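Per full-length UniProt numbering, residue 1 is the first one in the sequence shown, and the count goes up by one each step.
Here a beta-carbon is modelled for each residue, glycine too, at the ideal position from N, C-alpha and C.
Since this is a predicted model, take the numbers as computed values, not measurements.
Written below as structure tokens is the structure these notes are about.
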Amino acid sequence: MKALFEVKSGAINRPMLTYFYNAIETTKADLGVFTTLEPPTAGMIEYANGCGYFKEDVYGNTYHRFQIMTVEELLDGKRPAMPGLDTAHVKSAKKKDIEGEQEQIPGT
Numbered sequence: 001m002k003a004l005f006e007v008k009s010g011a012i013n014r015p016m017l018t019y020f021y022n023a024i025e026t027t028k029a030d031l032g033v034f035t036t037l038e039p040p041t042a043g044m045i046e047y048a049n050g051c052g053y054f055k056e057d058v059y060g061n062t063y064h065r066f067q068i069m070t071v072e073e074l075l076d077g078k079r080p081a082m083p084g085l086d087t088a089h090v091k092s093a094k095k096k097d098i099e100g101e102q103e104q105i106p107g108t
């Protein structure tokens, strides 16, 4: 999977989004994440949502091809929707206490 990321400070506008989407297309990236300080307008979100979807091969999950996130969202713990970032299904291994000494490996 190939993803592009762009970070902008200050006010963003529609031509910036169009330019970034063209980069996604040109580089044949599966999806792109546009990060900004300012929240996007409803029109910008509509544009991004209209850019299609990416369907990953393993589980068949579908993701928006163009995602807009704010720096504040990232700092609050939100992550882009993309394969490999969802760890909700991963369980931590339990620590197992083993009493006694570790056996010596022969020849060491």
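{"Check": "Every unbroken alpha helix (DSSP H) inside the stretch 34-86 [4 residues or more]", "Outcome": "42-49 and 71-75"}
{"Check": "Whole-Å CB distance - methionine 69 paired with leucine 31, under 8 Å assumed", "Outcome": "12 Å between Cβ atoms; not a contact."}
{"Check": "Simplified DSSP assignment, three categories, for glutamate 25", "Outcome": "helix"}
{"Check": "Straight-line Cα distance separating glutamate 6 from phenylalanine 54", "Outcome": "18 Å"}
{"Check": "First through last residue of the beta strand (DSSP E) which encompasses alanine 3", "Outcome": "3-8"}
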